[in-house]
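Numbering (this note's numbering), first residue to last: 9 to 437.
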């Protein structure tokens, strides 16, 4: 169905009659060929970009996919010049309309014309205003899907350009980065291991360190998907490597390199939000069944267990949530030796230790993971209040000690003159 939006437009009688004629023809006559006169009249409606009139170009841009669909792919060469005029229009709202519908045009004209005619518009719009770039970003996956396989493979190198690294408006808009992470999740399915390792993994690791939690959560989905693809591709090589008696330490697989980046950049860092993100990745991997339990134990479990003693409550809670998803086969399986205990370390022993945690939320999360809680469990908040008062008193005591030391130092004499030094006597050049 062809739809024109005529809100708040003043057309000349001739233009309006041309549009009405085209609408009437399309709606009431089912013929394979639209008269050339109607096509020419529509293309003639587009005004030069320098003319400040005009809602006409905006509405032509808005309805262009409908016209192109009606005329069919074979008639795209007739519309190409008109489309390029609209794509380079001086008015921002015209270019925004073109950007928001470029994926629809790609589906209409096909891969060959998308590569030849629409891709230059796409490249130009990547450097355009914020609103135009957002229009491209929202339908990035749909547009890439319409490219030819060869062109699509090369276009993965354009993805990092959508990720702002400076203090621009794009970098300040977390929803833009969140949408970019969502699009990358979809795009990951279309690329091979080489492209994922070269470009997509770096994007995922960067987004997983975003300052906004919603962006990090979306990046966790991408990290889980990348890890699943890499392991699926190389698992047989890894198992053969384990069973082989030949020294293969010099050969490191892509999966091992990616896991190393994940562990060193998130699990073993000083920043607690990164450590929490690593626990979220483990949880997502188990939720999505991205890895088998054997694969999860091989790559991630020991690093997750190591964070059970983390100093930050939120990290320990995230560890409990991830461990709660472990299969029963891992609950009693020895993970690693623990120098503090004679018994081997297992998922069960870690959860039992966390169930006795001094923090109520951690202890409850661990009991839930062990299946020791019910929905009607009563929570005693008196102990929480007692612990909060303990922390407040400890903080106040520390403040009093600091203040006493400052007052004590202010009474000290100047070693050179023997005159007491007071703050009001200190001069600055």
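Built from N, CA and C at the ideal position, the CB exists for glycine as well.
Kindly list the residues whose CB is nearer than 8 angstroms to the CB of residue 226, restricted to its own chain and excluding five residues on each side of it in sequence; keep chain order. Counting only Cβ-Cβ distances below 8 angstroms, and skipping sequence neighbours, we find 186, 189, 190, 193, 215.
Please list the segments of the alpha helix (DSSP H) lying wholly inside the region 287-359, counting only runs of 4 or more residues, in order along the chain. Here the runs fully enclosed are 301-304, 310-314, 321-331, 336-339.
Residue 169, buried or exposed, once every other Cβ within 10 Å from all chains shown has been counted against 16: By the Cβ-count criterion, residue 169 is exposed, with fewer than 16 other Cβ atoms from all chains shown falling within 10 Å of its own Cβ.
When we look at the beta-carbon of residue 247 and count the other beta-carbons within 10 Å, is it buried (16 or more) or exposed? A residue is called buried once 16 or more other Cβ atoms fall within 10 Å of its Cβ, and residue 247, having fewer, is exposed.
In the DSSP assignment, find the alpha helix (DSSP H) that holds residue 273 and state where it starts and stops. Careful: residue 273 lies outside any alpha helix (DSSP H) and carries neither H nor E.
Can you give me the Cβ contacts of residue 286 inside the same chain, cut-off strictly under 6 angstroms, excluding the 5 residues immediately before and after it? These residues qualify, in order along the chain: 274, 275.
Roughly how many angstroms separate the alpha carbons of residue 269 and residue 56, rounded to a whole number? Cα to Cα, residue 269 sits roughly 53 angstroms from residue 56.
Distance between residue 315 and residue 324 (C-alpha atoms, nearest Å): Spanning the alpha carbons of residue 324 and residue 315 requires a straight line of approximately 7 angstroms.
Would residue 78 pass as a contact of residue 42 if the rule is Cβ separation under 9 angstroms? Against a cut-off of 9 angstroms, the Cβ pair of residue 42 and residue 78 comes out as a contact.
Whole runs of the alpha helix (DSSP H) within the region 99-137, excluding any shorter than 4 residues: Fully enclosed alpha helix (DSSP H) runs of 4 or longer: 100-117, 127-133.
Helix, strand or coil: how does DSSP classify residue 180 here? If DSSP states are grouped into helix, strand and coil, residue 180 belongs with the helices.
To the nearest angstrom, report how far apart residue 368 and residue 223 are at their CA atoms. Each residue's Cα considered, the two are about 28 angstroms apart.
Shortest alpha-carbon distance to residue 181 belongs to which of 207, 218, 153, 151? Residue 218 is the option with its Cα nearest to residue 181.
Mind checking whether residue 363 and residue 378 have CB atoms under 9 angstroms apart? Annotated as proximal: residue 363 and residue 378, with beta-carbon spacing under 9 angstroms.
Please go through the same chain and pick out, in chain order, the residues whose beta-carbon is closer than 7 angstroms to the beta-carbon of residue 245, but skip the five residues on each side of it. Cβ within range, chain order: 261.
Can you check whether the CB of residue 97 is closer than 9 angstroms to the CB of residue 114? At a Cβ-Cβ threshold of 9 angstroms, residue 114 and residue 97 do not count as neighbours.
Please tell me whether residue 140 and residue 107 are closer than 9 angstroms, where the distance is taken between their beta carbons. Yes.
Going by DSSP, what residue range makes up the alpha helix (DSSP H) through residue 161? Counting along the chain, the alpha helix (DSSP H) containing residue 161 begins and ends at 157-163.
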